[in-house]
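Trainee: Just so you know, the sequence shown maps onto residues 1 to 168 in full-length UniProt numbering.
Glycine included, each C-beta is placed from N, C-alpha and C at the ideal position.
This structure is a prediction, so every number in the text was calculated from the model and none was measured.
Okay, here's the structure, questions in a sec.
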Amino acid sequence: MCRPRVRVACALCAASKVRCDYERPCFRCISRCTPDQCVDRLHAPAAATRKRRPNAVKACAPCHDAKVACANERPCPRCVRLGQVDDCVIVPRLPHHHHHEEAATPNVNEFEDMILNEFTLPDPSFIASPESNASLIDLTPLSSPFGGDMDSDSTSDSARWIRDILID
């Protein structure tokens, strides 16, 4: 089974970071009068052959605390200039561990406890008795938002339905 052809921009389009139409020569190279330079760009070398960037130089304790660059010699010129030759040592750094989930868990638990202590549910026996349910809903006429009192005929059917369910 054949592998599908991977569409790769020509070298000039890739260098200019513009969209290539993947034809050879591409439209951009033709319009720039450079169709002979319209060639497939070389792929990046494999990870094993890439040059690895050197590790950053570790700063001595005084330079690290001052957040300034430190030379790779001990004692560093800054410590010599400041008279801190004895303090010019590299302190091993602790690895960065992300404990965001673990740190948030106690706060969530405290928040849940606070909510449970603040808002208590009514006693189940109180909810079960029809007399107490009827007292929870006050169906007395309210004042109209448009002014004046609402008459008793305007009590909604849904309020009557809820009252009938709770009393029965």
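1) To the nearest angstrom, report how far apart R78 and N55 are at their CA atoms.
2) Could you tell me the distance, in whole angstroms, from the CA atom of A44 to the CA atom of V18?
3) Mind checking whether V85 and P75 have CB atoms under 7 angstroms apart?
4) For Q37, which residues in the same chain have their Cβ closer than 7 angstroms to its Cβ, ignoring the five residues on either side in sequence?
5) Where do the N-terminal and C-terminal ends of the alpha helix (DSSP H) with P62 fall, by residue?
6) For H29, name the three-state secondary structure that DSSP assigns.
7) Go ahead and pull the three-state DSSP assignment for residue 200.
8) How is C79 classed by DSSP in three states: helix, strand or coil?
9) Helix, strand or coil for A44? Go by DSSP, reduced to three states.
10) Between R52 and L94, what straight-line distance do the alpha-carbon atoms span, to the nearest angstrom?
11) To the nearest angstrom, how far is the alpha carbon of A66 from that of D40?
12) Beta-carbon within less than 6 angstroms of Y22's beta-carbon, same chain only, minus the 5 sequence neighbours each way: which residues are those?
13) In terms of DSSP beta bridges, what is C10 paired with?
14) Going by C-alpha to C-alpha distance, which of V57, I165, N109 sits closest to V89?
15) Reducing DSSP to helix, strand and coil, say where P35 ends up.
Mentor: Based on what the coordinates show:
1) By 1-based counting over the sequence shown, the position of residue 78 is 78. By 1-based counting over the sequence shown, the position of residue 55 is 55. Whole-angstrom Cα-Cα distance: 21 angstroms.
2) Translated into positions along the sequence shown, residue 44 becomes position 44. Translated into positions along the sequence shown, residue 18 becomes position 18. In this prediction, A44 has a pLDDT of 48, which is less than 50 and means its spatial position is unreliable; nothing more can be read from the coordinates.
3) Taking the sequence shown and counting its residues from 1, the one referred to as residue 85 is at position 85. Taking the sequence shown and counting its residues from 1, the one referred to as residue 75 is at position 75. In contact: V85 and P75 (Cβ atoms closer than 7 angstroms).
4) Working through the sequence shown from its first residue, we reach residue 37 at position 37. Excluding positions up to five away in sequence, the list reads L12, C29.
5) On the sequence shown, position 62 is the one that residue 62 refers to. Residues 61 to 66.
6) Position 29 of the sequence shown holds residue 29. One detail in the question is off: residue 29 reads as Cys in this sequence, not His. Reduced to three states, the DSSP call for C29 is helix.
7) With the chain covering only 1 through 168, there is no way to say anything about residue 200.
8) Counted from its first residue, the sequence shown places residue 79 at position 79. Of the three classes helix, strand and coil, the one that applies to C79 here is helix, per DSSP.
9) Working through the sequence shown from its first residue, we reach residue 44 at position 44. At A44, the pLDDT of 48 sits below 50, so the modelled position is not reliable and the matter cannot be decided from this model.
10) Residue mapping note: residue 52 aligns to position 52 of the sequence shown, counting from 1. Residue mapping note: residue 94 aligns to position 94 of the sequence shown, counting from 1. Approximately 23 angstroms between the Cα atoms of the pair.
11) Start at 1 with the first residue of the sequence shown, and residue 66 comes out as number 66. Start at 1 with the first residue of the sequence shown, and residue 40 comes out as number 40. Roughly 49 angstroms between the two C-alpha positions.
12) In the sequence shown, counting from the first residue as 1, residue 22 sits at position 22. Closer than 6 angstroms at Cβ, skipping near neighbours: R7.
13) Here residue 10 is taken as the residue at index 10 of the sequence shown, counted from 1. Its beta-bridge partners are D40.
14) In the sequence shown, the residue the question calls residue 89 occupies position 89. It is V57 whose Cα lies nearest to the Cα of V89.
15) The residue you call residue 35 lines up with position 35 of the sequence shown. Of the three classes helix, strand and coil, the one that applies to P35 here is helix, per DSSP.
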